[in-house]
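Asker: The structure under discussion is supplied below as structure tokens; questions concerning it will follow.
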Amino acid sequence: MKAMRDVWGEKLVELGQSDPRTVVLDGDLANSTKVDKFAKAHPERFFQMGIAEQNLIGAAAGLASVGYVPWTSSFTVFFTHRAIDPVRMLVAQSHANVKIVGSYSGLLIGAVGKTHLDVQDLAIMRAMPDMTVLAPADGPELLAMMDWAQTYEGPVYLRIVRDAVPDLFGPDHTFTPGAVHRLRDGSDVALVSTGPQTGRVLAAADQLAAKRIEARVVHVGCLKPLDEDALRAELAGYDLVVTAEEHSVLGGLGGLVAEVLTATGPAPRIERIGVRDTWGESAGNDFMLTKHGLSAELVSRRVAGVLGSRVPA
Amino acid sequence: MTALSTDVVQQERDPGELAAIAQQARWQVIKAVTNAKAGHIGGPLSMMDLLVNLYFDELNVDPTRPDDPDRDRFILSKGHAAIGLYAVLALKGYLPLDELATFDKGDSRLQGHPDVTRLPGVDSSTGSLGQGLSVGVGMALGARLGKKDFHTWVLLGDGEIQEGMVWEAVQAAARYKLANLTAIVDRNGLQQFGLPSSEETSLTDRGDRRDPWFGVDLAAVFHAFGWRVVEIDGHDHAQIKSAYDLARAGDQQGRPTVILAHTVKGKGLSLAEGVYTWHSIVPTQEDFERARQELEADELDVLDNHQLSRTGVKA
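Chains as they are written, first to last, in the numbering used here: chain A, 1 to 313; chain B, 1001 to 1315.
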């Protein structure tokens, strides 16, 4: 099982070979994010912009405007917070052909603390008109999204994670903007997830099955654009919908599902699992998943608890 | 007055002719801002000689082919001076002069700040200050990578370069030896409000406001960052021309060039010159008539000889 950052770094090298318009801009983190692979393979198209993310984004917009396909690389937090104004004006408002890739997204990024943890990126980027917002569950989905983004003329935000995650999709997976994916079916509860959290939600569904609770699992890897009708169809008829994400419960996937389900009339109860309007901290992966209720075990217990409380004694 | 050429192709113009076009553009700015009852005046007027010299004598651009991949690139980083750029683009033939009346209005291509998605001829959106030079860095890197010889020009305000992002771009341009990139700083010595003048600062003050870079040797700063520095009078077309020629020729050491152009905010309109409150103002009827007297005399001479009619259709 390959680390997602290695999948991304190697795919960039391949895109560099297949499309000479491909350029990469790094914010002095290439050996963490693994775009050092691209730097080695295509040194003339690798730009080390130093510890200066605002200028990095501006230069990417300039390269895009003269015909290149820039992929920018840093930790998510430095794009979605530090450089957000150039992202807004020079990329989103300008419909620039820039692919902003935030590595080390979510909660499992090592013991770096609240300064480096970004639990608002999906909310911020979702609120940005013209921005495509992607959070792949695994390597195959990441590869498919990168192939699509390379040929799409416009701004894309892609959040990826550092570590290895189990494959949920097959090697021939292709990406369709806005599509939602049902990965398991069950009639008692619908679980919705994004990014690598989907793997843990599937494991939670297995644990629920052992308790005779059958869960449908829906993966939303593309938060924007979104086929809202398709999502509503997947979630129709359920009394309980549970969302889970390595992100704040405000404005990310949980917010998105609540917006979509309440837009057309009576909605089910929506339980949102994620970071509850607080900052992160330095800690290991298990600690973070446990603290924020995102481990498979805690997701399944939460679902079982809510369902149990609804059954009359 | 010298008659304007009807050629679309760029050619040498004499300083008097360029000065006349700049006066005409200034009048268009006054008219458009008065009509819109919104916009900026001081900044568009201070940069106008720099901009007119660039568009009418230096830039390798063709208004009939605004997307030509080999064209020179220009970024108005001080995007609040947009109406100045629109006036020059109109006189150059990118858009009908009449369209200046739509400035700042809903659905107009002429937004309060330049919008790359709306108006052909605008090479980058700007407005949130301090971002244009970074885009220029990307364009210059792209030119080198693609082995194209177009030059990238970025016009910045001296207030705007207080933004930290500008200095990120300054570092990157020097590190990558972008001799195909030129920054022009409209050094008018005033910003929107700034600090009030005081006795000890009077030597470098403009009017009753303190210079945004009071006590700082900007030329030394850019030089220390690895840039080639040229300092000129930004209203002297012969000096502007020399500076542009030098910048275009490149630098043996590969340094990017910055042209520190000393200008007067509100230049050309006596009411506005060096008066910080004219940064953004709607002229009164009395102001407007005064401006007409000072600037409009040039209008017919220029327009009658312009390659395009008032509606932008070739005569």
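Every residue gets a Cβ at the ideal spot worked out from N, C-alpha and C, and that includes glycine.
Over the uninterrupted alpha helix (DSSP H) stretch that includes E1294/B, give me the two end residues.
Answerer: As a position in the second sequence, residue 1294/B is number 294, starting the count at 1. Q1285 to L1295 is the extent of the alpha helix (DSSP H) around E1294/B.
Asker: Which residue or residues does DSSP assign as beta-bridge partners of E271/A?
Answerer: Taking the first sequence and counting its residues from 1, the one referred to as residue 271/A is at position 271. Per DSSP, V242/A.
Asker: Cβ of V91/A within 7 Å of Cβ of S73/A?
Answerer: Numbered from its first residue, the first sequence carries residue 91/A at position 91. Numbered from its first residue, the first sequence carries residue 73/A at position 73. No. Outside cutoff.
Asker: Take the Cβ of K1037/B as the centre, count every other Cβ of all protein chains shown within 10 Å, and call the residue buried at 16 or more, exposed below.
Answerer: Residue 1037/B sits at position 37 when you count from the first residue of the second sequence. Exposed: under 16 other Cβ atoms inside 10 Å.
Asker: So the alpha helix (DSSP H) G254/A belongs to, where does it begin and stop?
Answerer: Here the question's residue 254/A lines up with position 254 in the first sequence. Run containing G254/A: L253 to T262, per the alpha helix (DSSP H) assignment.
Asker: Count the other CB atoms within 10 Å of the CB of F46/A; is the residue buried (16 or more) or exposed (fewer)?
Answerer: Position 46 of the first sequence, counted from the start, is the residue given in the question as residue 46/A. Label assigned to F46/A: buried.
Asker: Using 7 Å as the limit for Cβ to Cβ distance, is E1296/B near chain A?
Answerer: Along the second sequence, read from residue 1 onward, the residue named residue 1296/B stands at position 296. For E1296/B, the answer is no, since every Cβ of chain A falls outside 7 Å of its Cβ.
Asker: Do you know offhand how far H292/A's Cα is from V201/A's?
Answerer: For the purposes of this step, residue 292/A is taken as the residue at position 292 of the first sequence. For the purposes of this step, residue 201/A is taken as the residue at position 201 of the first sequence. One C-alpha to the other measures close to 14 Å.
Asker: Give the DSSP-derived three-state secondary structure of R184/A in the structure shown.
Answerer: Stepping through the first sequence from its first residue, residue 184/A is reached at position 184. Here R184/A sits in strand by DSSP.
Asker: Given 8 Å as the limit, is there contact between the segment 95-109 of chain A and the segment 64-72 of chain A, that is, 3 or more CB pairs closer than that?
Answerer: Yes: at least three Cβ pairs fall under 8 Å.
Asker: Quick check: W71/A and V24/A, are their CB atoms within less than 7 Å of each other?
Answerer: As a position in the first sequence, residue 71/A is number 71, starting the count at 1. As a position in the first sequence, residue 24/A is number 24, starting the count at 1. Yes; because the gap between Cβ atoms is below 7 Å, this pair is in contact.
Asker: So what's L1037/B in DSSP terms, helix, strand or just coil?
Answerer: Here the question's residue 1037/B lines up with position 37 in the second sequence. Looking at the sequence shown, residue 1037/B is not Leu but Lys. If DSSP states are grouped into helix, strand and coil, K1037/B belongs with coil.
Asker: Run down chain A in chain order and give the residues with a C-beta less than 7 Å from the C-beta of M1139/B.
Answerer: To locate residue 1139/B, count along the second sequence from 1; it is residue 139. Here the neighbours are G62, S65 and V66.
Asker: Rounded to whole angstroms, what is the Cα-Cα separation between H1262/B and M1165/B?
Answerer: For the purposes of this step, residue 1262/B is identified with residue 262 of the second sequence, where counting begins at 1. For the purposes of this step, residue 1165/B is identified with residue 165 of the second sequence, where counting begins at 1. The alpha-carbon atoms of H1262/B and M1165/B are separated by roughly 23 Å.
Asker: Among V1052/B, S1046/B and N1060/B, which has the Cα closest to the Cα of A1022/B?
Answerer: Within the second sequence, the letter at position 22 stands for residue 1022/B. The shortest Cα separation from A1022/B among V1052/B, S1046/B and N1060/B belongs to V1052/B.
Asker: What residue from G199/A, A111/A and A123/A has the CA that sits closest to T132/A's CA?
Answerer: Along the first sequence, read from residue 1 onward, the residue named residue 132/A stands at position 132. Comparing Cα-Cα distances from T132/A to each of G199/A, A111/A and A123/A, the minimum goes to A123/A.
Asker: Short of 6 Å in beta carbon distance, which residues of its chain neighbour D172/A, apart from the five on each side in sequence? Order them along the chain.
Answerer: Within the first sequence, numbered from 1, the residue matching residue 172/A stands at position 172. Around D172/A: no qualifying Cβ.
Asker: Just the chain B side, please: which residues come within less than 8 Å of D85/A by C-beta, in chain order?
Answerer: In the first sequence, the residue the question calls residue 85/A occupies position 85. Neighbours of D85/A on chain B, chain order: S1128 and Q1131.
Asker: Identify every residue that forms a DSSP beta bridge with A190/A.
Answerer: Residue 190/A sits at position 190 when you count from the first residue of the first sequence. Bridge partners of A190/A: R216/A and V241/A.
Asker: Taking the beta strand (DSSP E) that H1262/B belongs to, which residues open and close that run?
Answerer: As a working note, residue 1262/B is residue 262 in the second sequence. T1257 to H1262 is the span of the beta strand (DSSP E), which, as asked, contains H1262/B.
Asker: Would you identify the three-state DSSP class for Y104/A, choosing helix, strand or coil?
Answerer: The count along the first sequence starts at 1 and reaches residue 104/A at position 104. Coil at Y104/A, not helix or strand.
Asker: Using a cut-off of 7 Å between C-beta atoms, extract the partners of S1125/B located in chain A.
Answerer: As a first step, residue 1125/B must be located in the second sequence, where it is residue number 125. Simply M89, L90, Q93 and S94.
Asker: Do the segment 1096-1105 of chain B and the segment 1125-1144 of chain B touch if we need at least three Cβ pairs shorter than 8 Å?
Answerer: At 8 Å Cβ cutoff, the stretches do not touch.
Asker: Among V156/A, C222/A, K37/A and D206/A, which residue has its Cα nearest to the Cα of R216/A?
Answerer: Start at 1 with the first residue of the first sequence, and residue 216/A comes out as number 216. Checking every option, the nearest Cα to that of R216/A belongs to D206/A.
Asker: Run down chain A in chain order and give the residues with a C-beta less than 7 Å from the C-beta of P1069/B.
Answerer: Position 69 of the second sequence, counted from the start, is the residue given in the question as residue 1069/B. What P1069/B touches in chain A: G67.
Asker: With H, G and I counted as helix, E and B as strand and the rest as coil, what does DSSP make of A41/A?
Answerer: Against the first sequence, residue 41/A aligns to sequence position 41. The answer is helix: DSSP assigns A41/A an H, G or I state.
Asker: CA-CA distance, H42/A and A1172/B?
Answerer: Position 42 of the first sequence, counted from the first residue, corresponds to residue 42/A. Position 172 of the second sequence, counted from the first residue, corresponds to residue 1172/B. Spanning the two alpha carbons is a distance of roughly 20 Å.
Asker: Kindly indicate which three-state DSSP category H247/A falls into: helix, strand or coil?
Answerer: As a position in the first sequence, residue 247/A is number 247, starting the count at 1. Strand at H247/A.
Asker: Does the segment 231-248 of chain A come close enough to the segment 264-276 of chain A that 3 or more CB-CB pairs lie under 8 Å?
Answerer: The segment 264-276 of chain A, when compared against the segment 231-248 of chain A, does touch it at the 8 Å Cβ threshold.
Asker: Return the chain-ordered ranges of every beta strand (DSSP E) run that is complete within the segment 104-187 of chain A and spans a minimum of 3 residues.
Answerer: Complete beta strand (DSSP E) runs here, min 3: 132-134, 156-159 and 181-184.
Asker: Report yes or no: is there a C-beta of chain B within less than 7 Å of the C-beta of G255/A?
Answerer: As a position in the first sequence, residue 255/A is number 255, starting the count at 1. No, its Cβ sits nowhere closer than 7 Å to a Cβ of chain B.
Asker: Beta-carbon of M49/A versus every beta-carbon of chain B: anything under 7 Å?
Answerer: Translated into the one-based positions of the first sequence, residue 49/A becomes position 49. For M49/A, the answer is yes, since a Cβ of chain B falls inside 7 Å of its Cβ.
Asker: Can you confirm whether V1061/B, when its beta carbon is compared against all beta carbons of chain A, has any partner nearer than 7 Å?
Answerer: Along the second sequence, one-based indexing puts residue 1061/B at 61. Cβ-Cβ to chain A under 7 Å: no for V1061/B.
Asker: Indicate the three-state DSSP secondary structure (helix, strand or coil) for Q1023/B in the structure shown.
Answerer: On the second sequence, residue 1023/B is found 23 positions in, with the first residue counted as 1. Note: Q1023/B maps to helix in three-state DSSP.
Asker: Going by the DSSP bridge assignment, what does E1231/B pair with across the sheet?
Answerer: Walking along the second sequence from the start, residue 1231/B turns up at place 231. The partner list for E1231/B (beta bridge, DSSP) reads L1260/B.
Asker: In terms of residue numbering, what span does the beta strand (DSSP E) encompassing G1157/B cover?
Answerer: Stepping through the second sequence from its first residue, residue 1157/B is reached at position 157. Taken as a continuous stretch (DSSP letters only), the beta strand (DSSP E) holding G1157/B covers T1152 to G1157.
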